[in-house]
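One point on numbering: in the UniProt record's numbering, the residue at position 333 of the sequence shown is 333, and numbering is uninterrupted. We put the CB at the ideal spot given by N, CA and C, even for glycine. Structure, as structure tokens:
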Amino acid sequence: MVDGEVKILRGYELRLIRCTVSLPLSDPPLDESQPGTHPHDSLIKSLLSSIEAGNYLEALASEATNLILGEYEFDPVDSAERVYSELLNKVESFVLNDSSDEIDKARRSFLVMCLAIAAAFWFTCCNLTGSTQGSTKCSLPFRVPESKELVEWENWAKIHLMSAGSDLLGKFSNLQHLVFARLLLLKLKDLLFETSASETFQLRSISWWLVRVLLIHQRVLHEPSSSLFEMLQVYMAEALDHFGALEKVESYWGAKLLQDEASSITSIIHLEACVLQYIYRRIDPFRLQLESAKAAAGLEFSVTGALGFRTIHQVVPKAQMVLVANTSSSNGAVRLASEKADVGPYGAWEGETPQVFMTPKLVNNESEAGTDSVPLKPVEQALILAQCLLIERGSRHDAMQSK
1 MVDGEVKILR GYELRLIRCT VSLPLSDPPL DESQPGTHPH DSLIKSLLSS
51 IEAGNYLEAL ASEATNLILG EYEFDPVDSA ERVYSELLNK VESFVLNDSS
101 DEIDKARRSF LVMCLAIAAA FWFTCCNLTG STQGSTKCSL PFRVPESKEL
151 VEWENWAKIH LMSAGSDLLG KFSNLQHLVF ARLLLLKLKD LLFETSASET
201 FQLRSISWWL VRVLLIHQRV LHEPSSSLFE MLQVYMAEAL DHFGALEKVE
251 SYWGAKLLQD EASSITSIIH LEACVLQYIY RRIDPFRLQL ESAKAAAGLE
301 FSVTGALGFR TIHQVVPKAQ MVLVANTSSS NGAVRLASEK ADVGPYGAWE
351 GETPQVFMTP KLVNNESEAG TDSVPLKPVE QALILAQCLL IERGSRHDAM
401 QSK
């Protein structure tokens with residue numbers, strides 16, 4: 001009975017992780033062969049479906065949100081700090097006081113985690129990645145009367161984020177979604193640490209999601225924050241301890257993993273550890289994490305030289321470094337070359353190709369392979385770009401180095 005419940009919960013965790021791991025379209029549908037028997041399973045599946053589809057506002061306005069937070073009403077003179085404090089008390093009551101047993105407590109915890117992640121994803125879409133499909137006005141991550149004036153609340157969220165020790169990088173919208181996600185995950189982490197639910201029904205991925213939300217927080221700040229760095233070090237160490245090795249990922253999710261999925265998950269967490277070290281300019285730890293990510297992905301790099309790769313504005317070709325990536329899944333090598341990128345379906349250029357290099361282009365080295373090489377996976381492409389960052393950081397800056 002307990003083992004079956006653990007497998008169901010871990011399957012839910014895997015579905016959430018998959019939202020940030022690109023999978024080929026040919027992959028089979030997600031395994032839901034084990035029907036949920038708990039009353040909250042239908043709410044969890046509904047939340048997961050909304051998040052997987054990118055409908056984050058739908059998730060935040062779902063029945064699960066009402067169950068956790070209720071139809072919250074507040075007075076116009078209420079401070080944001082007071083209201084958020086009461087919301088966190090509601091979360092604690094929902095997870096601890098209202099649960100009937102450890103199984104119920106674990107599911108309630110996962111519902112809260114989904115709610116926080118939906119808020120973080122919505123903030124990311126609005127400010128960092130897009131697209132919000134023309135709907136960017138959503139002041140709060142929970143339901144409130146439409147007549148309420150929330151300008152002061154947004155200012156409070158700005159001050160809350162800046163309390164990490166730096167001004168914001170620029171102007172951002174829906175800051176309260178990021179604050180909401182951060183507060184909920186930190187509260188949930190504390191609750192799981194204080195109770196036995198983390199022993200019997202471990203939600204190990206919460207440390208990883210906390211790292212991601214804190215990295216987003218750092219991303220919107222103008223300067224690196226020492227207080228955020230300390231928190232990131234702690235939670236990243238926990239996440240790497242849980243998912244930093246192929247054997248641990250396979251042991252945690254077992255048969256639910258798709259082909260090569262354990263490798264992708266392990267590579268991605270080490271790659272995100274690379275990002276953490278890069279942000280704080282720690283090059284040696286960055287290099288070590290990148291080596292671990294490459295090993296998990298079965299990727300090997302070598303750097304060679306070439307003459308003739310140049311921008312369209314260069315009259316004389318200059319010597320340029322070429323990064324060659326050998327993958328365990330390919331028949332040959334792949335080169336990173338400076339060719340004009342495909343601008344895709346964007347219509348902003350009105351038929352005129354821009355005279356700039358939008359992105360690097362990955363070119364299969366067919367002359368060496370003899371046959372067409374297997375296209376690089378998204379995680380492998382990200383690792384190549386990380387290797388380029390490492391090379392760029394360790395190189396002197398002069399006219400030979402393009403920006």
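ask   = Can a CB atom of chain D be found closer than 8 Å to the CB of leucine 161?
value = Note that chain D does not occur in the displayed structure, where there is just one protein chain.
query = Residues bridged to leucine 168 by DSSP?
reply = Leu221
key: Range covered by the alpha helix (DSSP H) that runs through glutamine 93   = This sequence places serine at residue 93; glutamine is not what is there. That residue, serine 93, is in no alpha helix (DSSP H); it is neither H nor E in DSSP.
key: Where histidine 160 falls, given that 16 or more other Cβ within 10 Å makes a residue buried   = buried
key: Buried or exposed by the 16-neighbour rule on C-beta atoms within 10 Å, applied to glycine 244   = buried
query = Is it true that the CB of leucine 67 sits closer than 8 Å to the CB of lysine 90?
reply = no
key: First and last residue of the uninterrupted alpha helix (DSSP H) at threonine 124   = 102-124
inquiry  = Classify glycine 254: buried if its beta carbon has 16 or more other beta carbons within 10 angstroms, exposed otherwise.
reply    = By the 10 Å Cβ count, glycine 254 comes out exposed.
query = Buried or exposed: where does threonine 266 fall if 16 or more other Cβ atoms within 10 Å of its Cβ makes it buried?
reply = buried
message = Rounded to the nearest angstrom, what separates leucine 178 and valine 234 at their Cα positions?
response = Within the model, the alpha-carbon separation for leucine 178 versus valine 234 is close to 20 Å.
Alpha-carbon to alpha-carbon, phenylalanine 110 and leucine 14 = 12 Å
task = Tell me whether the beta-carbon of leucine 215 lies closer than 8 Å to the beta-carbon of leucine 169.
result = no
Between the CA atoms of valine 21 and serine 264 - distance to the nearest angstrom = 7 Å
ask   = Between alanine 59 and the rest of its own chain, which residues show a CB-CB distance below 6 Å, the 5 nearest in sequence each way excluded?
value = Result list for alanine 59: Leu47, Ser50, Ile51 and Ala118, in chain order.
ask   = Cβ atoms of leucine 9 and valine 112: under 8 Å apart, would you say?
value = no
query = When you compare only the Cα positions, how much space is there between methionine 231 and leucine 184?
reply = 15 Å
message = Quick test of your reading: glutamine 302 and leucine 16, contact by CB under 8 Å. State the CB separation rounded to the nearest angstrom.
response = Correcting the residue identity first, residue 302 is serine in this sequence and not glutamine. About 36 Å separates the two Cβ atoms, so there is no contact after all.
query = Hey, how far is the Cα of lysine 340 from the Cα of valine 322?
reply = Only weak support is given to the placement of lysine 340: the predicted model assigns it a pLDDT of 37, under 50, and the question is left unresolved by the model.
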